[in-house]
Structures are given as C-alpha cells and as structure tokens.
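**Q** One structure, as structure tokens, below. Some questions next.
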Amino acid sequence: MKIGVVGGGYVGLTTGVCFSSLGHDVFVVEKVEEKVKKLKEGIPPFYEPGLEELLKKMLMEGKIRFSTNIKEMTEFSEIIFICVGTPPKEDGYPDLSQIEEAAREIALHLRDYRVIVEKSTVPVRTSYWIERTIRLNLHRPVEFDVASNPEFLREGSAIKDFLNPDRIVIGVSSERAKNILLELYKDFQCPKIITDISSAELIKHASNSFLAMKISFANLLSEICEKTGANVEVVTHAIGLDRRIGTDFLKAGIGYGGSCFPKDIKAFIKIGEELGIDMSLLKDVHNINERRIDIFISKLKGALWNIKGKTITILGISFKPDTDDIREAPSLKLSRRLREEGAYLKLYDPKAVENAKREFPENPPEVEYFSDPYLALQNADAACVVTEWEEVKKLDLKEVKRIMRTPIIVDGRNVYNPQLLREAGIEYYPTGIKF
Ligand code: NAD
-8 MKIGVVGGGY VGLTTGVCFS SLGHDVFVVE KVEEKVKKLK EGIPPFYEPG
42 LEELLKKMLM EGKIRFSTNI KEMTEFSEII FICVGTPPKE DGYPDLSQIE
92 EAAREIALHL RDYRVIVEKS TVPVRTSYWI ERTIRLNLHR PVEFDVASNP
142 EFLREGSAIK DFLNPDRIVI GVSSERAKNI LLELYKDFQC PKIITDISSA
192 ELIKHASNSF LAMKISFANL LSEICEKTGA NVEVVTHAIG LDRRIGTDFL
242 KAGIGYGGSC FPKDIKAFIK IGEELGIDMS LLKDVHNINE RRIDIFISKL
292 KGALWNIKGK TITILGISFK PDTDDIREAP SLKLSRRLRE EGAYLKLYDP
342 KAVENAKREF PENPPEVEYF SDPYLALQNA DAACVVTEWE EVKKLDLKEV
392 KRIMRTPIIV DGRNVYNPQL LREAGIEYYP TGIKF
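Residue -7 in the numbering used here sits at position 2 of the sequence shown; the count goes up by one each step and never skips.
Take a look at the structure:
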C-alpha cells in the first residue's frame, strides 16, 4: 500500500521504516529541512537500536522517501499517519497545534479519498477537531475518513515493538476506513481491537497512566521499605508473580521520565478534570514520582554530609537505556538540583552526551561530560546511578573503588548486587533496600 507519514521523529520514522520493511511504499514528510537532508542520507535524527541499518536498507531498495513537501505526500498516499509532537503546555494540557497544522496542510492538498490516521498521542475527541479542520480547509468536496491508531512502541526497542505489538488498536467511524486499516495490518499476528475513535484515543492515555501508576506504586513501596527494613525488590517480585498484577513496570527507582509518561499523565489529569472528574488517583501517581528526586538527594546527603564542593558522578543521562532521548530525564532534574547545592558534576552517558549538552551546558569544572564511565568516576566523592545502561551495570567495581576519592554509590535503579559492592569496599545505597 502507499503510506504517508507526517513527522519524521521517533514515532513517524519508526512507522515509516517498519511499514516499508513490510513491503509498503512510504513517503515521510518532515518539516525540519536539516532532518530531511540527514534522513535522505540514511541518518536518523536520534539513536534507536537497529533503525539506521533498516533505514539505509529501505532507502537502497527505494521503499521509503523523505521530503518537506506535504502536497506530494498527500497526493502519493492512500493512508496518512499523523505522527507529529503533542508536547505539554504550561497547564499540562497537550499542545495540539502541530496536529492542527498537519490536518490543515493535508486538507489543502486533498483531491481524492484518504484515510487520515492519528498516531500521535492525543486527548479523546481530537479526531472531531481534525475532521472539522480538514473539512473547513478543503478546496472542494472530497471524501475522507479520520481514524485513530495509537502507537505503543517503546524507545530503545521501537522496531521490535512496532513489528510485534501486543495489540493493535484501530478506532474508526466507517467500514471503508476499517477495511483499509485491517488490510494494512493483515499480517500482524496479534489481537486487533476495532472500536470507535474516542475509545481508541482513550486507550493510549489510559495505558500510559496505568503503567506510570505501577511504577509509582513500586516507588511508594520503596519508601515504606526504606523506613522499615523490608526489601522492595523482594516485595515487588513477589506481588508481580500474581498474574493479575505482573512484574513489568513494577520496579522501584528514581522515577519515570521520558517524552511520554510525564506528559501523558499530566494530559490525562487535565482531560479528566475538564470533564468534571476527580483525577486525584493520577495526581498522586505524579506526586510520588516528583518526590523521587528529593528522596534520592536526601540519601546522597546522608552519605556525603555536605553536597557543596563535592564532585558527584551521574551514571546515565538518557531517560532510559538504549536511547539518546533526554526529555524529562531524571538525570537532568537531579543535576540541576545538585548544582544549586554547589556540587561539581561529571555526567556520563554512552549516547546522550550531545543532547544533554544542549539542555544543560558543559561548564568545567562545575559541569563536565564524559563518554567513558571511568573518566567520569575519577576522584568523585559519590556516584549516582540514574540510567541502567549495560555499560553501567558492567563496571569493574574494584577499579571503581580504586579511582573514586570516596567510594560511595547511590543507586536509583538497583543495578548492583549489594553483596558484591560490599566486597569491593564500596558504600552502597540502593533504592528501597535498607543497607
Ligand atoms: P518527535 O518530536 O520526535 O517527532 C515529531 C516530528 O514531527 C518532529 O520531527 C517535527 O519536526 C515533525 N513535525 C511537526 N509538525 C510537522 C508538520 N506539519 N509537517 C511535517 N513534520 C512535522 O515526537 P515523537 O516522540 O515521535 O512523538 C510523536 C507523537 O507520538 C507524540 O504525540 C507522542 O506522545 C507519541 N508517541 C511517542 C512515543 C515515543 O516513544 N516517542 C511512543 C508512542 C507515542
């Protein structure tokens, strides 16, 4: 099939590359010229395992093309996926202006029937506004359908998740759109939920909110464990073995970040409140997450006494491993707070250093960046594990002890065996485990 994609970011590029790898012809339109230039050379604007190789292969096979020209994309495609950003506004409600702009631009060039699909994460009822925007901007009457097909991929395993989803959600209001989308996904062997558009839109926000709730629940337990001497790893593992609960996303740590959870939870709270619904359950999910940094810093103070003048290594900057995405990363929240208290920071990450420098500029000796963890740990007074990169998990602990000024590790991801740390002579402060 001929597929159009608006937006060459994490979701749009993954969608385009994956559909092209399944034999479809894909046209991705991206408004940032610099990104289009790079994409044409086979260089993704972000790091995602396996994506660059697959992109290059699809370009070689002529299955995918990139442009800034939305007119050509609209003429080319039978199905158009809107994959633009929906960042949060000051009040938490998502800014939908990129969605409106995409809908308007598509409408201006619509000449024949197309299915226009929201893949971006949007509030329930957004399809009404997309449909209205398109209708108001059409040059002449053209039939079209708006549909919802939320995306559940995770950065770091985006290709695998896209090609092997747990389920596919398709929200439609016509048989025609339903049949086209079912044809597109016919080879996917997973449950397909065919539903109305509002339900499809709601599923995405509900899904992310539930996952965030599991993380905050584990973090709440970790607070109780730290005060009582119980072990949060054992507690969460045991409750997760109940199949009604499940072990995934039931992990205590320094809290969730990234481009989705924080924004989607805030958005869902706002959506509910505008409907007059008490959203205090999700407000607590957010509040528990917010206090993770405070709890982490007080643990660090418990180990270091004073923060001022101390050299602290941050192990891991990206919001999770296998990505260079630093949006809402706990590492940067922690770093800003430690700087305010007068710490000298050495930040390590295998992929995210360049992105981080733009957000939190390098300024030696106060803020320094490293892509070698051992250089970052040299003469440090304490190390903070913030992202569970393999490189962090596999550190040679004897060497770590040798090069740090004072061997103290505060672990926001529980990546080490406390016994091994003790044997290596390192003072260890894990999360939710009294040690
Ligand atoms: P992103 O910021 O990485 O990408 C969006 C891209 O769209 C940008 O490159 C931007 O320049 C481009 N764009 C904006 N308006 C355009 C227009 N009119 N024409 C052409 N290009 C345009 O965002 P993302 O992370 O890919 O997220 C996109 C949406 O998908 C969001 O709603 C997000 O919540 C949702 N989502 C993201 C993920 C994820 O893991 N990142 C997963 C599932 C869903």
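Cβ atoms here follow ideal geometry from the backbone N, Cα and C, with glycine treated the same way. Treat the numbers as computed from the prediction; the structure is a model and nothing was measured.
Could you check if Val23 belongs to the surroundings of the ligand NAD, using beta carbon to heavy atom distance under 6 Å?
**A** Within the sequence shown, residue 23 is the residue found at index 32, counting from 1. Result yes, Cβ under 6 Å from the ligand NAD.
**Q** Give the straight-line distance between the Cα atoms of Asp152 and Glu217, rounded to the nearest whole angstrom.
**A** The residue labelled residue 152 in the question sits at position 161 within the sequence shown. The residue labelled residue 217 in the question sits at position 226 within the sequence shown. Taking the straight line from one Cα to the other gives about 35 Å.
**Q** Report the option in Gly76, Gly33, Asp103 whose CA atom is closest to the CA atom of Glu92.
**A** Along the sequence shown, read from residue 1 onward, the residue named residue 92 stands at position 101. Comparing Cα-Cα distances from Glu92 to each of Gly76, Gly33, Asp103, the minimum goes to Gly76.
**Q** What does DSSP give as the partner residues of Glu109 in its beta bridges?
**A** Stepping through the sequence shown from its first residue, residue 109 is reached at position 118. Ile73, Ser139, per the DSSP bridge assignment.
**Q** Look at the alpha carbon of Leu273 and the alpha carbon of Ile61, and state the distance between them as a whole number of angstroms.
**A** As a working note, residue 273 is residue 282 in the sequence shown. As a working note, residue 61 is residue 70 in the sequence shown. Their Cα atoms are separated by approximately 38 Å.
**Q** Looking at the structure shown, is Gly293 part of a helix, part of a strand, or coil, going by DSSP?
**A** Locating residue 293 in the sequence shown gives position 302, counting from the first residue. Helix, per DSSP.
**Q** Could you pull the DSSP bridge partners for Asn222 from this structure?
**A** Counting from one through the sequence shown, the residue named residue 222 turns up at place 231. Paired residues: Ile424.
**Q** Within a Cβ cutoff of 8 Å, which residues of the same chain sit near Lys299, ignoring the five residues on either side of it in sequence?
**A** Your numbering for residue 299 matches position 308 in the sequence shown. Around Lys299: Glu332, Gly333, Ala334.
**Q** CA-CA distance, Arg116 and Gln369?
**A** On the sequence shown, position 125 is the one that residue 116 refers to. On the sequence shown, position 378 is the one that residue 369 refers to. Near 53 Å, if we compare the C-alpha coordinates of Gln369 and Arg116.
**Q** When the Cα atoms are used, what is the spatial distance from Pro79 to Asp86?
**A** The residue you call residue 79 lines up with position 88 of the sequence shown. The residue you call residue 86 lines up with position 95 of the sequence shown. Using only the alpha carbons, I get a separation of about 6 Å.
**Q** Among Ser12, Lys22, Asp16, Pro35, which residue has its Cα nearest to the Cα of Leu4?
**A** For the purposes of this step, residue 4 is taken as residue 13 along the sequence shown, with counting starting at 1. Per the Cα distances, Pro35.
**Q** Thinking C-alpha only, which one of Met(-8), Glu359, Val20, Leu212 is nearest Phe10?
**A** Numbered from its first residue, the sequence shown carries residue 10 at position 19. If we check each option's Cα against that of Phe10, Met(-8) comes out closest.
**Q** Quick check: the Cα distance between Ala415 and Lys389, rounded to an integer number of angstroms?
**A** Residue mapping note: residue 415 aligns to position 424 of the sequence shown, counting from 1. Residue mapping note: residue 389 aligns to position 398 of the sequence shown, counting from 1. Approximately 6 Å, taken between the alpha carbons.
**Q** Pick out the complete alpha helix (DSSP H) segments inside the segment 45 to 107, 4 residues or longer, and give them in chain order.
**A** List check, alpha helix (DSSP H) in window: 61 to 67, 88 to 99.
**Q** Thinking C-alpha only, which one of Leu211, Pro40, Glu357 is nearest Thr304?
**A** In the sequence shown, residue 304 corresponds to position 313, counting from 1. Looking at the Cα atoms, Glu357 is the closest of the given residues.
**Q** Grouping DSSP H, G and I as helix and E and B as strand, with all else coil, what is Cys9?
**A** Within the sequence shown, residue 9 is the residue found at index 18, counting from 1. Cys9 falls in the helix class under three-state DSSP.
**Q** From Glu44, His15, Ser139, Ile90, pick the residue whose C-alpha is nearest to that of Lys22; which is it?
**A** Here the question's residue 22 lines up with position 31 in the sequence shown. The residue with the shortest Cα to Cα distance from Lys22 is Ile90.
**Q** Taking the continuous alpha helix (DSSP H) assigned at Ala428, which residues delimit it?
**A** As displayed, the chain neither begins before -8 nor continues past 426, which places residue 428 out of reach and without an answer.
**Q** Looking at the structure shown, is Asn128 part of a helix, part of a strand, or coil, going by DSSP?
**A** For the purposes of this step, residue 128 is taken as residue 137 along the sequence shown, with counting starting at 1. Three-state DSSP puts Asn128 in a helix.
**Q** Looking at the strands, I want to know which residues DSSP matches up with Pro152.
**A** On the sequence shown, position 161 is the one that residue 152 refers to. The amino acid at residue 152 is misidentified as Pro; the sequence shows Asp. For Asp152, which the question treats as bridged, DSSP gives no partner whatsoever.
**Q** Quick one: what does DSSP say Val406 is sitting in, helix, strand or coil?
**A** In the sequence shown, residue 406 corresponds to position 415, counting from 1. Correct three-state label for Val406: coil.
**Q** Out of Leu154, Tyr407, Ala373, point me to the one whose CA is closest to Glu382's CA.
**A** What you label residue 382 is simply residue 391 of the sequence shown in a count that begins at 1. The candidate whose alpha carbon is nearest that of Glu382 is Tyr407.
**Q** To the nearest angstrom, how far is it from the Cα of Asp436 to the Cα of Ile245?
**A** The requested residue 436 does not occur in the structure, where the chain is confined to residues -8 to 426.
**Q** What beta strand (DSSP E) runs, 3 residues minimum, are completely inside the segment 319 to 344?
**A** Given a length threshold of 3 residues, each whole run of the beta strand (DSSP E) inside the segment 319 to 344 is given here in chain order: 335 to 339.
**Q** Take Leu30 as the anchor and find which of Asp16, His15, Leu13, Thr59 has the nearest alpha-carbon.
**A** Position 39 of the sequence shown, counted from the start, is the residue given in the question as residue 30. The option with the nearest alpha carbon to Leu30 is Thr59.
**Q** State the CB to CB distance for the pair Arg158 and Ile184, rounded to an integer number of angstroms; the pair is presumed to be in contact (CB under 8 Å).
**A** Along the sequence shown, one-based indexing puts residue 158 at 167. Along the sequence shown, one-based indexing puts residue 184 at 193. Indeed, because the Cβ distance is near 6 Å, the residues count as touching under 8 Å.
**Q** Between the alpha carbons of Pro321 and Gly33, how many angstroms are there, rounded?
**A** On the sequence shown, residue 321 is found 330 positions in, with the first residue counted as 1. On the sequence shown, residue 33 is found 42 positions in, with the first residue counted as 1. Going by the C-alpha atoms only, they are around 31 Å apart.
**Q** Can you check whether the CB of Ser118 is closer than 7 Å to the CB of Val106?
**A** The residue labelled residue 106 in the question sits at position 115 within the sequence shown. The residue labelled residue 118 in the question sits at position 127 within the sequence shown. Not closer than 7 Å, so no.
**Q** Alpha carbons only, please: which of Arg131, Ile399, Glu63, Ile121 is nearest the one belonging to Ser88?
**A** Taking the first residue of the sequence shown as 1, we reach residue 88 at position 97. Comparing Cα-Cα distances from Ser88 to each of Arg131, Ile399, Glu63, Ile121, the minimum goes to Ile121.
**Q** On the DSSP bridge list, what partners appear for Asn354?
**A** Your numbering for residue 354 matches position 363 in the sequence shown. Answer is Val358, bridged to Asn354.
**Q** Quick one, which of Pro355, Val276, Ile150 has its alpha-carbon nearest Tyr38's?
**A** In the sequence shown, counting from the first residue as 1, residue 38 sits at position 47. The alpha carbon of Tyr38 has as its nearest neighbour, out of Pro355, Val276, Ile150, the alpha carbon of Ile150.
**Q** Any heavy atom of the ligand NAD within a distance shorter than 6 Å of the CB on Gly432?
**A** Lying before the first or after the last residue shown, residue 432 is absent from the chain, which here runs from -8 to 426.
**Q** Using 10 angstroms around the beta-carbon of Ile188, count the other beta-carbons present and answer buried if the total reaches 16, otherwise exposed.
**A** Walking along the sequence shown from the start, residue 188 turns up at place 197. That one is buried.
**Q** Would you say the segment 246 to 256 touches the segment 272 to 290, given that touching needs at least three Cβ pairs under 8 Å?
**A** Enough Cβ pairs lie closer than 8 Å, so yes.
**Q** Should Tyr38 be listed as close to the ligand NAD, given that the test is whether its C-beta is under 6 Å from any heavy atom?
**A** Reading the sequence shown from its first residue, position 47 is the one you call residue 38. Every heavy atom of the ligand NAD is 6 Å or more from the Cβ of Tyr38, so no.
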